[in-house]
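To start, the structure under review is shown below, and the notes come after it.
4 protein chains.
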Amino acid sequence: MSANGQERQPSRSFIEEARREQIVASAIAVIAEHGYPAATMGRIAQHAGVSRSLINYHFAGREDLIGQLVVDVFTRGAQAIVPRVETASTPAERLAAYIGANLDFIAGNRRDIVALVRVAAALDTADGLPGVDPAGADQGLEYLRRILRDGQDAGQFAAFDVHQMAVAVRNVIDGVSTQVATDPNLDLAMVTREVAALFHRATRDTGE
Amino acid sequence: MSANGQERQPSRSFIEEARREQIVASAIAVIAEHGYPAATMGRIAQHAGVSRSLINYHFAGREDLIGQLVVDVFTRGAQAIVPRVETASTPAERLAAYIGANLDFIAGNRRDIVALVRVAAALDTADGLPGVDPAGADQGLEYLRRILRDGQDAGQFAAFDVHQMAVAVRNVIDGVSTQVATDPNLDLAMVTREVAALFHRATRDTGE
Amino acid sequence: MSANGQERQPSRSFIEEARREQIVASAIAVIAEHGYPAATMGRIAQHAGVSRSLINYHFAGREDLIGQLVVDVFTRGAQAIVPRVETASTPAERLAAYIGANLDFIAGNRRDIVALVRVAAALDTADGLPGVDPAGADQGLEYLRRILRDGQDAGQFAAFDVHQMAVAVRNVIDGVSTQVATDPNLDLAMVTREVAALFHRATRDTGE
Amino acid sequence: MSANGQERQPSRSFIEEARREQIVASAIAVIAEHGYPAATMGRIAQHAGVSRSLINYHFAGREDLIGQLVVDVFTRGAQAIVPRVETASTPAERLAAYIGANLDFIAGNRRDIVALVRVAAALDTADGLPGVDPAGADQGLEYLRRILRDGQDAGQFAAFDVHQMAVAVRNVIDGVSTQVATDPNLDLAMVTREVAALFHRATRDTGE
DNA sequence: CATGAATGAGAGTTCATTCAT
DNA sequence: AATGAATGAACTCTCATTCAT
Numbered sequence: 001m002s003a004n005g006q007e008r009q010p011s012r013s014f015i016e017e018a019r020r021e022q023i024v025a026s027a028i029a030v031i032a033e034h035g036y037p038a039a040t041m042g043r044i045a046q047h048a049g050v051s052r053s054l055i056n057y058h059f060a061g062r063e064d065l066i067g068q069l070v071v072d073v074f075t076r077g078a079q080a081i082v083p084r085v086e087t088a089s090t091p092a093e094r095l096a097a098y099i100g101a102n103l104d105f106i107a108g109n110r111r112d113i114v115a116l117v118r119v120a121a122a123l124d125t126a127d128g129l130p131g132v133d134p135a136g137a138d139q140g141l142e143y144l145r146r147i148l149r150d151g152q153d154a155g156q157f158a159a160f161d162v163h164q165m166a167v168a169v170r171n172v173i174d175g176v177s178t179q180v181a182t183d184p185n186l187d188l189a190m191v192t193r194e195v196a197a198l199f200h201r202a203t204r205d206t207g208e
Numbered sequence: 209m210s211a212n213g214q215e216r217q218p219s220r221s222f223i224e225e226a227r228r229e230q231i232v233a234s235a236i237a238v239i240a241e242h243g244y245p246a247a248t249m250g251r252i253a254q255h256a257g258v259s260r261s262l263i264n265y266h267f268a269g270r271e272d273l274i275g276q277l278v279v280d281v282f283t284r285g286a287q288a289i290v291p292r293v294e295t296a297s298t299p300a301e302r303l304a305a306y307i308g309a310n311l312d313f314i315a316g317n318r319r320d321i322v323a324l325v326r327v328a329a330a331l332d333t334a335d336g337l338p339g340v341d342p343a344g345a346d347q348g349l350e351y352l353r354r355i356l357r358d359g360q361d362a363g364q365f366a367a368f369d370v371h372q373m374a375v376a377v378r379n380v381i382d383g384v385s386t387q388v389a390t391d392p393n394l395d396l397a398m399v400t401r402e403v404a405a406l407f408h409r410a411t412r413d414t415g416e
Numbered sequence: 417m418s419a420n421g422q423e424r425q426p427s428r429s430f431i432e433e434a435r436r437e438q439i440v441a442s443a444i445a446v447i448a449e450h451g452y453p454a455a456t457m458g459r460i461a462q463h464a465g466v467s468r469s470l471i472n473y474h475f476a477g478r479e480d481l482i483g484q485l486v487v488d489v490f491t492r493g494a495q496a497i498v499p500r501v502e503t504a505s506t507p508a509e510r511l512a513a514y515i516g517a518n519l520d521f522i523a524g525n526r527r528d529i530v531a532l533v534r535v536a537a538a539l540d541t542a543d544g545l546p547g548v549d550p551a552g553a554d555q556g557l558e559y560l561r562r563i564l565r566d567g568q569d570a571g572q573f574a575a576f577d578v579h580q581m582a583v584a585v586r587n588v589i590d591g592v593s594t595q596v597a598t599d600p601n602l603d604l605a606m607v608t609r610e611v612a613a614l615f616h617r618a619t620r621d622t623g624e
Numbered sequence: 625m626s627a628n629g630q631e632r633q634p635s636r637s638f639i640e641e642a643r644r645e646q647i648v649a650s651a652i653a654v655i656a657e658h659g660y661p662a663a664t665m666g667r668i669a670q671h672a673g674v675s676r677s678l679i680n681y682h683f684a685g686r687e688d689l690i691g692q693l694v695v696d697v698f699t700r701g702a703q704a705i706v707p708r709v710e711t712a713s714t715p716a717e718r719l720a721a722y723i724g725a726n727l728d729f730i731a732g733n734r735r736d737i738v739a740l741v742r743v744a745a746a747l748d749t750a751d752g753l754p755g756v757d758p759a760g761a762d763q764g765l766e767y768l769r770r771i772l773r774d775g776q777d778a779g780q781f782a783a784f785d786v787h788q789m790a791v792a793v794r795n796v797i798d799g800v801s802t803q804v805a806t807d808p809n810l811d812l813a814m815v816t817r818e819v820a821a822l823f824h825r826a827t828r829d830t831g832e
């Protein structure tokens, strides 16, 4: 029998958990280095130094593995970002914290982010696949929308469409991920300042 | 002897040109409807009502076909956008015109844009593929950078990093393409107003 | 595109028809010689001297190929048997003709029969697969039942259960196929006499 | 060191014997319910509630397990059938007893029989496998042949070929197993009467 | 200009089996 | 006595591409 399965076994052995993480890490590495289409089970296994079968032993299949990868990076991202946002008090500070925390996370997890972006691009391209967005992404967006809505309610932000502004913020952040994928030497500190300033100007209420 | 080839044969017969366009159009349709991974040569051929072999006769291979697709949409986009930008006089108007023209083109060519976005996502992911960006995209960015630089030189725009602002504008615009791919009923007129306003506020010099 | 497909194309090219028959023949040969489980696509292709892909080009998949095999042998069998039964006039003669024609067909098509029997055994073992029986086999049985029923109605046959007798006749005949599969030197002429005599005695009305 | 092996270790511990029977029973259950091809080691282990490895610990391999299954059912069958035949005195009665005992055993052990039939079908199909027949089946047949030969010697049976008649009897009986596998509601009492009557008429000497 | 026939490479998955613990 | 972890072989199928016609 395999160690994975439809029915979640509540407890996974230590060694299994380690292998799963190792394999997910290999998937991230291969995707970041060679691109999503090149991330075949064979290459991932090779990178992990294990047999192809072992991946199918620990995961229900390719889809399951990729799904775990997304959950993995997503979860770590949320854990890094949310606390920082929560420490800020005013909406404007929260927005800046959101942007800063996101870009810091990108800076500290370049490969993971590159992999995530590429997977996301490939997944929402798929025919019938629900991808990861409907649940995860929209939940992330809502978090951002709330910050913006709070700012408008507090009279600190201008009268823009909250959803479109949130989408813009996310697109710019995600775009930085892509930049990172292309240029490994990108000065993320500078980028953070610029992006934060951009949206500071774009959101503040100037009484116009 | 084949009619395609890396080395551009200066003249292509009328019927050949027609076939090429027909096939590119089919590729666009299939990618837009079923996603990039599902866009196999077989399905594209089927949609075009021709044999698979014919695609290989008219194009040097899959890569060539996709490349032509990108060039095709890109070229049409540039032809629609540049003239509108040129009619505007001040940098702020030119920026607004750039955004408006882009989103109008997206609105009027939803399927082409969806296909382009999906291809781009898959391509910059590819291993050794040069993609289409290095040449095309950077050229497009430079056009945008010049608008912004002119605005700063004229003292109308604030002191932001020109490259990062240009990237942000493009990412927001490209993000709209993705939104269009997901939600076919998106109100693009509203989106255009919001995006234009966003970058108007983000770029203007407020003397701060 | 492949030459097979869900939608039956009414006309198949000559060369295609030839290839299909050749591949089916190879499948029969491999199954007869090495058994059904050993009849992988690879071995069938190898026996036919073609590539594995070609089988998938001409057939929709393994299932389709095996299905064609069954239909093929079944059809040839019916064409060999029915006419001979029809020339007989009395039910007893028709029953004898049925048995004789069946065993003659088995004798003349040993390998095909062996393959058919093995496939049938493997198929009706499969979990959800309808196999080939529901349609084909029951239709064959009904043919036999009619002969027996006619004999009873005409007062020539004893009062046995028609269905069970028909099943018995078929099982004995199919058993001979299995014997043939095991012992290639079986004297089928003798077997034919014995089986015919057996069912002659078993069916005739002795007024008991 | 494993507890199984080709070389029979004279004594098997109690617990080991219990495990072996449990596993064989699970194999029977899985084959009867899901068919032979679906009866993988994994599914058998799962049904038995043990690990896959344990099966390989108690048996020399898949082949060994299946072989034990056949021997198991075969042995139980012989133990149920032979005594009943031995109580009968005349050859005709013995033949009837043989048929009746066989069908009764089938009736009382439907699942085991279904599994046995399916395994047999798959096995005599196998490439190099000796199957179980050469030894077991022929021994069973010989038992039947002796009954028939005795009947002819005693002048009670007609002058048919003893081997072919024996084969026919077995095929009809085995065919009933297949019927049982297909139709769980089969009226076996009726079938027993019909089959017994069939071979009574087919074997008796009518002085023709 | 266009096609049908054919191929080879490679993908994901399943399975019986082994081995250290 | 029993297991979890791991493997290697094999299988079916898809796809871009080639070539003779």
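Protein chains in written order, with our numbering: chain A, 1 to 208; chain B, 209 to 416; chain C, 417 to 624; chain D, 625 to 832. Think of the CB as a built atom: it goes at the ideal place given N, C-alpha and C, for glycine as much as any other residue. Fair warning: this is a prediction, and the values are worked out from it, not measured in the lab.
Got a sec: is the Cβ-Cβ distance from residue i to anything in chain C below 8 Å?
i: D/L822; result: yes
i: D/G799; result: yes
i: D/V694; result: no
Could one say the Cβ of residue i lies closer than 8 Å to chain D's Cβ atoms, at least one of them?
i: C/P550; result: Bear in mind that the predicted position of C/P550 carries a pLDDT of just 44, short of 50, making it unreliable; the figure below should be weighed with that in mind. Output row for C/P550: interface = no.
i: C/A443; result: no
For residue i and residue j, what's the separation of their Cα atoms in angstroms?
i: B/V370; j: A/R12; result: 51 Å
i: B/H255; j: B/A233; result: 9 Å
i: C/L519; j: C/S505; result: 20 Å
i: B/M373; j: B/R270; result: 35 Å
i: B/P392; j: B/A328; result: 20 Å
i: D/V709; j: D/A725; result: 8 Å
i: A/T192; j: D/V674; result: 56 Å
i: C/I431; j: C/R459; result: 22 Å
i: D/A651; j: D/Q763; result: 25 Å
i: C/T503; j: C/A454; result: 41 Å
i: A/G67; j: A/G108; result: 22 Å
i: C/D597; j: C/E610; result: The question names Asp, yet the displayed sequence has Ala at residue 597 of chain C. Roughly 19 Å separates the two Cα atoms.
i: B/A226; j: B/R353; result: 36 Å
i: A/V70; j: B/V278; result: 29 Å
i: C/R492; j: B/E229; result: 50 Å
i: A/H200; j: B/I289; result: 29 Å
i: C/D590; j: C/Y473; result: 33 Å
i: A/L65; j: D/Q703; result: 53 Å
Just to confirm, is the Cβ distance from residue i to residue j under 8 Å?
i: B/A376; j: B/D413; result: no
i: D/I737; j: D/L812; result: no
i: A/L141; j: A/R170; result: yes
i: B/A237; j: B/R326; result: no
i: D/F784; j: C/A613; result: yes
i: D/V800; j: C/V588; result: no
i: C/I447; j: C/A531; result: yes
i: D/P715; j: D/D774; result: yes
i: C/Y514; j: C/I439; result: no
i: D/A669; j: D/R676; result: yes
i: A/Y209; j: A/A122; result: Limits of chain A in this structure are 1 at one end and 208 at the other, which puts residue 209 of chain A out of reach.
Please decide whether residue i counts as near chain A, where near means a Cβ-Cβ distance under 8 Å.
i: B/N310; result: no
If I follow the unbroken alpha helix (DSSP H) through residue i, where does it start and stop?
i: D/L719; result: P715 to G732
i: C/R436; result: F430 to H450
i: D/R828; result: From DSSP, D/R828 is part of no alpha helix (DSSP H); its letter is neither H nor E.
i: C/Q568; result: D554 to D569
Counting only beta-carbon atoms, is residue i nearer than 8 Å to chain B?
i: A/M251; result: Past the boundaries of the shown model lies residue 251 of chain A; chain A is included only from 1 to 208, so the question cannot be answered.
Quiz item: Going along the chain, which unbroken runs of the alpha helix (DSSP H) with 4 or more residues stay wholly within the segment 786-813 of chain D?
Solution: 786-806
Quiz prompt | Unbroken stretches of the beta strand (DSSP E), 3 residues or longer, contained in the segment 665-696 of chain D | solution = Whole beta strand (DSSP E) segments, 3+ residues: zero.
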